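One structure below.
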Amino acid sequence: MSQASYFRRRTTTVLTVVFVLCVVAALALVLLAVLGNDGGLPAGAALALIPVGPVVGVFLWLDRWEAEPPKLLLAAFGWGASVAALTALAINSTADYLVSGGTGDVPGTALVSAPLVEEAVKAAFVLGIWLFLRAEFDGVIDGVVYAGITAAGFAFTENITYFGRAFDVAGLSGEHGALVETFIVRGVFSPFAHPLFTVMTGIGIGIAAASRRKHRWLAPILGYALAVGLHAAWNASATFGGMRGFVWLYLLVMVPVGIGVIVFLGWQRRREQHAISSALPWMSEAGWIAPSEVELLASLRGRKQWRKTVAARHGRQAGNAVREYQAAVTELAFLRRSMGRGLPAWQVQQRTGELLAQLDAAAARVRALATVAPRRYEP
Numbered sequence: 065m066s067q068a069s070y071f072r073r074r075t076t077t078v079l080t081v082v083f084v085l086c087v088v089a090a091l092a093l094v095l096l097a098v099l100g101n102d103g104g105l106p107a108g109a110a111l112a113l114i115p116v117g118p119v120v121g122v123f124l125w126l127d128r129w130e131a132e133p134p135k136l137l138l139a140a141f142g143w144g145a146s147v148a149a150l151t152a153l154a155i156n157s158t159a160d161y162l163v164s165g166g167t168g169d170v171p172g173t174a175l176v177s178a179p180l181v182e183e184a185v186k187a188a189f190v191l192g193i194w195l196f197l198r199a200e201f202d203g204v205i206d207g208v209v210y211a212g213i214t215a216a217g218f219a220f221t222e223n224i225t226y227f228g229r230a231f232d233v234a235g236l237s238g239e240h241g242a243l244v245e246t247f248i249v250r251g252v253f254s255p256f257a258h259p260l261f262t263v264m265t266g267i268g269i270g271i272a273a274a275s276r277r278k279h280r281w282l283a284p285i286l287g288y289a290l291a292v293g294l295h296a297a298w299n300a301s302a303t304f305g306g307m308r309g310f311v312w313l314y315l316l317v318m319v320p321v322g323i324g325v326i327v328f329l330g331w332q333r334r335r336e337q338h339a340i341s342s343a344l345p346w347m348s349e350a351g352w353i354a355p356s357e358v359e360l361l362a363s364l365r366g367r368k369q370w371r372k373t374v375a376a377r378h379g380r381q382a383g384n385a386v387r388e389y390q391a392a393v394t395e396l397a398f399l400r401r402s403m404g405r406g407l408p409a410w411q412v413q414q415r416t417g418e419l420l421a422q423l424d425a426a427a428a429r430v431r432a433l434a435t436v437a438p439r440r441y442e443p
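Its first residue numbered 65, the sequence shown is counted upward by one per residue in my numbering.
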């Protein structure tokens, strides 16, 4: 454990807390089910837990160069699972009642109200991070991570209802085909459906955050429109097309869009790495980092090996201090990139001072914990 990377520890921490939150929510629903005699909810909650770990884990893996604070990632999941899900349920139910005149479900609400409302309430969290916590929002990758984890929380709560209803139908009819089909569609083939929708808005907000152009506000609007369009098409296939419609939409729309997003995010990751590697020589010349650290800081593999080496020689706390040092270097590199995008000079100076203080504090911790302590620790 003393040699484990920060990414692995952070992933374990976030996934553990997310799992605990899901279990607590599931137990609460079980209690409500017992009191309300709704037998499907406990089974729905248990089945809804299964896709959560892999989905959240993918977005944590994506978020490795500049890891977001675990508390914000947990807040994103909690927002999606509670505020967004309950708000969407209330608005969609009201719209359904008004349109149908209280007679029952209307397909039109699934095609119009649900996409518009659900994508808006999920995106609200990502927009809030960008507007009020800009120090934690550097660009497209951050937008994708926050959007994806928020949508994962939303999908968890929504899956409970879908799986629960299918379980009730299976119990009444004695046939479990509908339950198996629902789980395969939502839990196996499309656990990333909601994240994929909301990621479109996250990309738009990320582009706006990384740009200083006059019309950058159009990017979140376009991203939201794409999210709503994909969501509406998805609901239409389920409402009117049955399993055959789902398969065709999945193969002709969802798979190509998903591949396109993966390619786009890979390109964004390479851009982040280039922004960091191009800033390192300049930071070395400024005396902020040691020349021998440039190569180590330029790749995730080099950073991981550095942390493991320090942790093996001087203990886990020293490895954590190196991780904090690396995080400050990354933030400084991204800040330098922001200087060319019109960020006010006073904000740059203030943030630079804060990050240099973090850099010095982390280096001081390493010096105190290491047997040999140069001005900047050189492994």
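Just so you know, even glycine gets a beta-carbon here, dropped at the ideal spot from N, CA and C.
Note that this is a predicted model, so its numbers are computed, not measured.
Straight-line Cα distance separating A392 from L364:
15 Å
If you run the structure through DSSP and keep just helix, strand and coil, what is F310?
helix
Using the beta-carbon count (16 or more within 10 Å), is P118 buried or exposed?
exposed
Assuming the contact rule is C-beta atoms closer than 8 Å, V190 and T214 should be a hit. Round their C-beta distance to whole Å, please.
7 Å
Can you look up E132 in the DSSP assignment and give me helix, strand or coil?
coil
Short CB-CB distance (under 8 Å) between A178 and chain C:
Checking the listed chains, one finds no chain C in this structure; it contains a single protein chain.
Quick check: the Cα distance between Q36 and R400, rounded to an integer number of angstroms?
The question about residue 36 has no answer here: the residues shown for the chain are numbered 65 through 443.
For A184 and Y288, what's the separation of their Cα atoms in angstroms?
8 Å
Whole-angstrom distance between L290 and R333, CA atom to CA atom
22 Å
Since G203 contacts A274 with CB under 8 Å, what's their CB separation in whole angstroms?
4 Å
P118: first and last residue of the uninterrupted alpha helix (DSSP H) it sits in:
116-126
My understanding is that G268 touches V208, with C-beta atoms under 8 Å, so please give their C-beta distance in whole angstroms.
With 8 Å as the limit, G268 and V208 do not qualify as a contact, their Cβ atoms being about 10 Å apart.
For D232, three-class secondary structure by DSSP
helix
Quick one: is M452 buried, meaning 16 or more other Cβ sit within 10 Å of its Cβ, or exposed?
Because residue 452 is not part of the residues shown, which for the chain are 65 to 443, the question remains open.
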